[in-house]
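Everything in the first sequence is counted per our numbering, starting at 1 for the first residue and increasing by one. Written below as structure tokens is the structure these notes are about.
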Amino acid sequence: MACWLVKTEPDAYSIDDLERDGTTDWTGVRNYQARNFLRQMQVGDKVLLYHSNAEPSGVVGMGSVAQLAGPDRTQFDPRSEFFDAKASREAPRWFCPKIRFVRRFRRTVPLEALRAASALQGLLLLQRGSRLSVIPVSDAHCKAIVSMSAGK
DNA sequence: GCCAACGTTGGC
DNA sequence: GCCAACGTTGGC
């Protein structure tokens, strides 16, 4: 069972929203590398939820993959901010899995703490200039982040 | 296929 | 709001 980390801006869609919704289509990812990771997600994979542009930014909880990635409906909707005129239903460009809320962490693991953790060296999120909104996380890194969320 | 210009992300 | 670091676009 793989583990992933997905970023979201809480002003746009927060873990509160996911908790309320239960599950949601993870729409709006418009980067090819991130898309390719979304398509690799398997049902049951863990998903660490990360709030970016937040106070503080950090990992706020856990979700899981509820459904394999299918075409992202927002790419077909001219009224959507994620509309993509070059996509068609015959040849969709963007895909999204369904993500299920699992739990909120007792405490947010802020970016600063992630950077300070020697156990997290090599985590893609922490690499200089990394902007990917969907990244794979190794089992060891995943465990380390979860243990940080529970306190020492 | 190169690369300058432009757009986006996201920490600070 | 600034801006560094990337990604994408489009002229040539």
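Glycine included, each C-beta is placed from N, C-alpha and C at the ideal position.
Tell whether a beta-carbon distance below 8 angstroms holds between residue i and residue j.
i, j, result
"residue 59", "residue 49", "yes"
"residue 62", "residue 128", "no"
"residue 2", "residue 132", "no"
"residue 153", "residue 111", "Here the chain comprises residues numbered 1 to 152, so residue 153 is not present and cannot be evaluated."
"residue 29", "residue 134", "yes"
"residue 149", "residue 105", "yes"
Tell me the residue span of the beta strand (DSSP E) that contains residue i.
i, result
"residue 150", "No beta strand (DSSP E) contains residue 150, which DSSP labels as neither H nor E."
"residue 50", "46-51"
"residue 24", "23-25"
Thinking C-alpha only, which one of the options is nearest residue i?
i, options, result
"residue 43", "56, 68 and 28", "68"
"residue 53", "21, 8, 28 and 46", "8"
"residue 6", "88, 21, 101 and 73", "101"
On the DSSP letters alone, give me the boundaries of the alpha helix (DSSP H) that residue i sits inside.
i, result
"residue 67", "Looking at the DSSP string, residue 67 is not in any alpha helix (DSSP H); the run it does join, the beta strand (DSSP E), is 58-71."
"residue 11", "It is not in any alpha helix (DSSP H) - residue 11 carries neither H nor E in the DSSP assignment."
message: Which complete beta strand (DSSP E) runs does the stretch 78-143 hold, if anything under 3 residues is left out?
response: Within the stretch 78-143, the complete beta strand (DSSP E) runs of at least 3 residues are 95-110 and 134-137.
query: Does the stretch 37-47 touch the stretch 87-100, meaning 3 or more C-beta pairs lie closer than 8 angstroms?
result: Short answer: they touch.
- request: Indicate whether the contact test is met: 3 or more Cβ pairs, each with one atom in the stretch 134-151 and one in the stretch 66-86, closer than 8 angstroms.
  value: Not touching, per the Cβ criterion.
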